[in-house]
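Chain order of the listed sequences is C and D.
Counting with UniProt numbering, you get residues 1 to 442 for the letters of the first sequence.
Counting with UniProt numbering, you get residues 1 to 260 for the letters of the second sequence.
For each residue, glycine too, the CB sits at the ideal point set by N, CA and C.
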Amino acid sequence: MIALRLWWLLLRRQSEQRLVIMLAVIAFAVSTGALLTVLGGLGAFTARNAGTTGGLYVLLAQIATVILVIPVVTLGGSAARLAISRRDDRLAALRLAGATSGQIGIIAITDAGAQALAGAIVGIGLYLAALPGVAMINFQGRPFRWSELLVSPGLLAVTVAGVVLLATASAVLTLARIAISPLGVARRTSPKSVSAIRVAIAIVVLVAWVPVTKLLGSSAGLIAGMIVFGLCFAVLNLIGPFVLGLIGRLSVNRANSVPKLLAARRLTDDPRATWRPVAGVTLATFITGVLSIGPAIAAQTSPGDPDEAHLPADMMTGSLLTLVIAALLAAVSVGVNQAARVYDLRDQYRMLHLVGTDASVIKQARMRETGLPLVASIAIAALVSLIIVAPFGVMLIGAAPGGIAMFAGGIVICLAMVLGAVALSQPLVDRVLASGSIPAAE
Amino acid sequence: MCVGAVRPKLDLMILSARNLVMTYGIADTASHALAGGDLDIDAGSLAVMGPSGSGKSTLLHCLAGIQRPTAGSVVLRGTDLTSMSDRERTALRRTDFGFVFQSGQLVAELPAVENAALPLMLDGTGRKAAIRRAAGYLALVGLAGLEGRRPGELSGGQAQRVAIARALVTEPSVVFADEPTGALDQSTGEEILHVLVRATSQAGAALVVVTHDPAIARHCARTVVMRDGRIVAEYHARPPVPEPVEGPGPFEGPFLQRTA
Chain C
1 MIALRLWWLL
11 LRRQSEQRLV
21 IMLAVIAFAV
31 STGALLTVLG
41 GLGAFTARNA
51 GTTGGLYVLL
61 AQIATVILVI
71 PVVTLGGSAA
81 RLAISRRDDR
91 LAALRLAGAT
101 SGQIGIIAIT
111 DAGAQALAGA
121 IVGIGLYLAA
131 LPGVAMINFQ
141 GRPFRWSELL
151 VSPGLLAVTV
161 AGVVLLATAS
171 AVLTLARIAI
181 SPLGVARRTS
191 PKSVSAIRVA
201 IAIVVLVAWV
211 PVTKLLGSSA
221 GLIAGMIVFG
231 LCFAVLNLIG
241 PFVLGLIGRL
251 SVNRANSVPK
261 LLAARRLTDD
271 PRATWRPVAG
281 VTLATFITGV
291 LSIGPAIAAQ
301 TSPGDPDEAH
311 LPADMMTGSL
321 LTLVIAALLA
331 AVSVGVNQAA
341 RVYDLRDQYR
351 MLHLVGTDAS
361 VIKQARMRET
371 GLPLVASIAI
381 AALVSLIIVA
391 PFGVMLIGAA
401 PGGIAMFAGG
411 IVICLAMVLG
421 AVALSQPLVD
431 RVLASGSIPA
441 AE
Chain D
1 MCVGAVRPKL
11 DLMILSARNL
21 VMTYGIADTA
31 SHALAGGDLD
41 IDAGSLAVMG
51 PSGSGKSTLL
61 HCLAGIQRPT
71 AGSVVLRGTD
81 LTSMSDRERT
91 ALRRTDFGFV
101 FQSGQLVAEL
111 PAVENAALPL
121 MLDGTGRKAA
131 IRRAAGYLAL
141 VGLAGLEGRR
151 PGELSGGQAQ
161 RVAIARALVT
171 EPSVVFADEP
181 TGALDQSTGE
191 EILHVLVRAT
201 SQAGAALVVV
211 THDPAIARHC
221 ARTVVMRDGR
231 IVAEYHARPP
241 VPEPVEGPGP
251 FEGPFLQRTA
């Protein structure tokens, strides 16, 4: 109870934390909004096609849901990490004032939960605001009715509860990894290595994918297929940091300028932290790669059934819709992560500037430490998506012009989004540099 | 490289500040962090003392070209820092000044030797040459053998030694230290101050230390005391030019002689 009262006290006195809190709430809101929209769409297809032969629509809607749930959960997770890790200094000060680590834990977790709840409520608003737009999209030859897209109150409550639960669980996990002592936050002393076992697991999952696709005809096989497909997303997050660590080790020795050296050392020092800002676009690239066979499949589908007359056009619409949502989630993830990174490194930037580092050097270092992981992540995502597509025929991407356009366009948009976010967050860095005081003298 | 060799100083006066005023806020609410004062920095060590809020950090920021004073001049070898652009002052800090702060000044991802080599690399020295020179300075501050350690693997005192090596690596004219022992225990603090004073003088740089600790000021050749943005007293532990003194006053020990 004391902890909760302290939390309330802190909540009303955190003006300087406003930016960070806002970012976390935005991330929670967008993930909730996207999730509700997707669930609404799934519900609409299920209701529309109940008892008809349009089962394929339901299946495709389910696939789209699986595809989008992973980036939603990822974004929610990084929002929770943001919510909790920004509070380090204040929590350490509370410890100094005599709060127990249990009380600190409750404060931090309540914080993440409250921000998730606020975000989820805003997210419901986003979902409702997007409804008219989504309803205008034609599927099966007619637009949606609003009532079709509305999720039931029960599902709404479950979604909000799920977002809050996810945030709280992430907060607990984050807290377990740091020790907040009265003298500050002790995090680590040596580089965090990323084990090669990750690669082995990734290979096993990707190899398993091929036989599983042969079973997709049966309902059990379909479930297995969905699970393995979901695991392929996880595989991206497994091999990504490993590859980044590898690139870092290779580039450290060749780095002969400060931006190159800083970027390479950051990669080797904590590959997971450098992976995080690009994880969102990796998922988006992967989704683009997988969906880019959509146009060809759509073109090949010959509608024999009157129910499926609109199928080719609808598959295109569905693929594009999924892509747009994935891109939106990636954009928010990138923006939030870049801002959080500036916040994390602000003392270092300030110190580097004080000892005579030009703002342009810091800018180059930022571009480079994001650019390297970005190119690597897009390459990995493209490769894994090609493996996913392989059992159906990689040639399908090239079979319809739309497929190639989608694949290439997706990659270009992802690159532009991340580098744009780095550039857009530069004013934050400039503000840090302009504040110009010596860290210890504050 | 000539670590340890004293560079010849043609002119004893390195940095001279005149009439420094630093005002925050406007009109009625204005507060004077610096209320006008002159200070000359010569080769040797200078301690700037005073209670918190007395303006000693602001003075250091102005002397080091970190902040531009509201009025007054800071002249380094004939050039006024206050008329330089931000970019020029940044370059000046990189080449002519060295900095040691209280804590948190090393880049966590870089090993000790690369942290020390950073200013050289920023100024265009190749990585190999920069690292070789930085290793020499790490040895000078007693860290030979620990070049590959990361800041997280160093003790507080060792981290300060790396910072001292980094401050000296460009062979600056002045090293500025803001409460360099503030985050250390008493005996480590003493030790680090010894290293700082010795290494800067061996490298031929002047030293300006901001501190509120009289014990630390005792290590310096000269001490100025600040109060309310003004320099209110100046002591010489060892006067640079011997001059006749009439013996210590009633409250002054034999070591500190009041000159202003």
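Requested in this report: Let me know if TYR57(C) comes out buried or exposed under the rule of 16 or more other beta-carbons within 10 Å of its beta-carbon.
Outcome: Against the first sequence, residue 57(C) aligns to sequence position 57. Burial call: buried.
Query - At least 3 beta-carbon pairs within less than 8 Å: the region 148-158 of chain D vs the region 76-84 of chain D - result: no
Query raised in the report: Which first and last residues belong to the beta strand (DSSP E) in which GLY176(D) is found?
Result: Along the second sequence, read from residue 1 onward, the residue named residue 176(D) stands at position 176. The question names Gly, yet the displayed sequence has Phe at residue 176(D). Here the beta strand (DSSP E) through PHE176(D) covers 174-178.
Report task. Can you have a look at HIS219(D) and say buried or exposed, based on whether 16 or more other CB atoms are within 10 angstroms of its CB? Result -> Locating residue 219(D) in the second sequence gives position 219, counting from the first residue. Flag for HIS219(D) reads buried.
Query raised in the report: What residues from the region 99-131 of chain D come within 7 Å of chain C, judged by C-beta to C-beta, listed N to C?
Result: PHE99, PHE101, GLN102, SER103, GLY104, GLN105, VAL107, GLU109, LEU110, GLU114, LEU118, PRO119, MET121, LEU122, GLY126 and ARG127
Report task. Could you tell me how far apart the beta carbons of PHE28(C) and ALA167(C) are, in whole angstroms, since I believe they sit closer than 8 Å? Result -> In the first sequence, residue 28(C) corresponds to position 28, counting from 1. In the first sequence, residue 167(C) corresponds to position 167, counting from 1. So it is a contact: roughly 7 Å between Cβ atoms.
Query raised in the report: Tell me which same chain residues have a C-beta within less than 6 Å of the C-beta of ALA196(C), skipping the five on either side of it?
Result: Stepping through the first sequence from its first residue, residue 196(C) is reached at position 196. Non-local C-beta neighbours of ALA196(C) in its own chain, meaning closer than 6 Å and more than five positions away in sequence, are absent.
Query raised in the report: Per DSSP, what kind of secondary structure is ARG18(D) in: helix, strand or coil?
Result: The sequence position of residue 18(D) within the second sequence is 18, counting from 1. Reduced to three states, the DSSP call for ARG18(D) is strand.
**Report entry** Minimum Cβ-Cβ distance from THR58(D) to chain C less than 7 Å
**Finding:** For the purposes of this step, residue 58(D) is taken as residue 58 along the second sequence, with counting starting at 1. Answer no: the Cβ-Cβ gap between THR58(D) and chain C never drops below 7 Å.
Requested in this report: Tell me where the alpha helix (DSSP H) around ARG350(C) begins and ends.
Outcome: Against the first sequence, residue 350(C) aligns to sequence position 350. From DSSP, the alpha helix (DSSP H) with ARG350(C) extends over 346-354.
Query raised in the report: If you draw a straight line from the C-alpha of GLN103(C) to the C-alpha of ALA134(D), how long is it?
Result: Residue mapping note: residue 103(C) aligns to position 103 of the first sequence, counting from 1. Residue mapping note: residue 134(D) aligns to position 134 of the second sequence, counting from 1. Answer to the nearest angstrom: the Cα atoms are 45 Å apart.
Query - Member of LEU60(D), GLU153(D) and LEU140(D) whose CA lies at the smallest distance from the CA of ALA203(D) - result: On the second sequence, residue 203(D) is found 203 positions in, with the first residue counted as 1. Cα-wise, what sits closest to ALA203(D) is LEU140(D).
Requested in this report: For ALA93(C), I'd like the list of residues in its chain whose CB is within less than 7 Å of its CB, leaving aside the five on either flank, ordered along the chain.
Outcome: Residue 93(C) sits at position 93 when you count from the first residue of the first sequence. None.
Report task. Just tell me which of GLU148(C), VAL210(C), LEU91(C) and GLN62(C) has its CA closest to the CA of LEU175(C). Result -> By 1-based counting over the first sequence, the position of residue 175(C) is 175. It is LEU91(C).
**Report entry** DSSP three-state assignment for ASP42(D), whether helix, strand or coil
**Finding:** Here residue 42(D) refers to the residue found at position 42 of the second sequence. If DSSP states are grouped into helix, strand and coil, ASP42(D) belongs with the strands.
Query raised in the report: Taking the DSSP output, what are the residues bridged to PRO143(C)?
Result: By 1-based counting over the first sequence, the position of residue 143(C) is 143. Answer is ASN138(C), bridged to PRO143(C).
Report task. Could you work out which residues of chain D lie near THR370(C), taking near to mean beta carbons separated by less than 9 Å? Result -> Against the first sequence, residue 370(C) aligns to sequence position 370. Under the 9 Å cutoff, chain D gives no residues; its nearest Cβ is about 15 Å from THR370(C).
Query raised in the report: What residue does the beta strand (DSSP E) around THR70(D) start on, and which one ends it?
Result: Taking the first residue of the second sequence as 1, we reach residue 70(D) at position 70. No beta strand (DSSP E) contains THR70(D), which DSSP labels as neither H nor E.
Query raised in the report: Distance, Cα to Cα, ILE293(C) vs ALA284(C)?
Result: Numbered from its first residue, the first sequence carries residue 293(C) at position 293. Numbered from its first residue, the first sequence carries residue 284(C) at position 284. Rounded to whole angstroms, ILE293(C) to ALA284(C) spans 15 Å at the Cα level.
**Report entry** Beta-carbon proximity list for ASP123(D), same chain, < 7 Å, skipping 5 on both sides
**Finding:** The residue given as residue 123(D) occupies position 123 in the second sequence. Once the five neighbours on either side are set aside, the close Cβ partners of ASP123(D) are ARG94, THR95 and THR170.
Query raised in the report: Can a CB atom of chain C be found closer than 7 Å to the CB of THR70(D)?
Result: Looking up residue 70(D) in the second sequence gives position 70. Answer no: the Cβ-Cβ gap between THR70(D) and chain C never drops below 7 Å.
Report task. Could you give the DSSP three-state label for PHE101(D): helix, strand or coil? Result -> Here residue 101(D) refers to the residue found at position 101 of the second sequence. It is coil, neither helix nor strand.
Query raised in the report: If you compare alpha carbons, which of ALA326(C), THR32(C) and MET406(C) is closest to VAL158(C)?
Result: In the first sequence, the residue the question calls residue 158(C) occupies position 158. Among ALA326(C), THR32(C) and MET406(C), the Cα nearest to that of VAL158(C) belongs to THR32(C).
Query raised in the report: How long is the line joining the alpha carbons of ASN115(D) and CYS414(C), rounded to whole angstroms?
Result: For the purposes of this step, residue 115(D) is taken as the residue at position 115 of the second sequence. For the purposes of this step, residue 414(C) is taken as the residue at position 414 of the first sequence. Rounded to the nearest angstrom, the two C-alpha atoms are 34 Å apart.
Report task. Select from LEU75(C), ALA434(C), LEU68(C) and VAL30(C) the residue whose C-alpha is nearest the C-alpha of ASN337(C). Result -> Counting from 1 along the first sequence, the entry for residue 337(C) is found at position 337. Cα-wise, what sits closest to ASN337(C) is LEU75(C).
Report task. May I ask you to verify whether the region 359-379 of chain C touches the region 311-318 of chain C, counting CB pairs closer than 8 Å and requiring at least 3? Result -> no
Query - Other residues of its chain near TYR127(C): CB distance less than 6 Å, five sequence neighbours each side excluded - result: Stepping through the first sequence from its first residue, residue 127(C) is reached at position 127. Excluding sequence neighbours, TYR127(C) sits near GLY33, LEU36 and THR37.
Requested in this report: Determine which residues of the region 85-97 of chain D have a Cβ less than 8 Å from any Cβ of chain C, and write them out in chain order.
Outcome: Flagged, chain order: ARG87, THR90, ALA91, LEU92, ARG93, ARG94, THR95 and PHE97.
Query raised in the report: With distances taken between CB atoms, is the gap from SER425(C) to VAL342(C) smaller than 7 Å?
Result: The residue you call residue 425(C) lines up with position 425 of the first sequence. The residue you call residue 342(C) lines up with position 342 of the first sequence. Cβ atoms of SER425(C) and VAL342(C): closer than 7 Å.
**Report entry** Exposure of ALA217(D), with buried meaning 16 or more beta-carbon neighbours within 10 Å
**Finding:** Here residue 217(D) refers to the residue found at position 217 when the second sequence is read from its first residue. Buried.
Query raised in the report: Counting only beta-carbon atoms, is THR168(C) nearer than 7 Å to chain D?
Result: To locate residue 168(C), count along the first sequence from 1; it is residue 168. Output row for THR168(C): interface = no.
Query raised in the report: Which chain D residues are close to MET351(C), counting only those with a beta carbon under 9 Å from its beta carbon?
Result: Position 351 of the first sequence, counted from the first residue, corresponds to residue 351(C). The contacting residues are PHE99, PHE101, GLY104, GLN105, LEU106 and VAL107.
Query raised in the report: In its own chain, which residues sit with a C-beta less than 7 Å from the C-beta of ILE404(C), not counting the 5 before and 5 after it?
Result: Against the first sequence, residue 404(C) aligns to sequence position 404. Taken in chain order, the residues that qualify are ILE397 and GLY398.
Query raised in the report: So with Cβ pairs under 7 Å, would you call ASP430(C) a contact of chain D?
Result: As a working note, residue 430(C) is residue 430 in the first sequence. So, not an interface residue.
Report task. Would you mind reading off the limits of the beta strand (DSSP E) that contains SER219(C)? Result -> Within the first sequence, numbered from 1, the residue matching residue 219(C) stands at position 219. Careful: SER219(C) lies outside any beta strand (DSSP E), inside the alpha helix (DSSP H) at 219-252.
Query - Through-space distance from ALA47(D) to ALA144(D), alpha-carbon basis - result: Counting from one through the second sequence, the residue named residue 144(D) turns up at place 144. Counting from one through the second sequence, the residue named residue 47(D) turns up at place 47. Near 29 Å, if we compare the C-alpha coordinates of ALA47(D) and ALA144(D).
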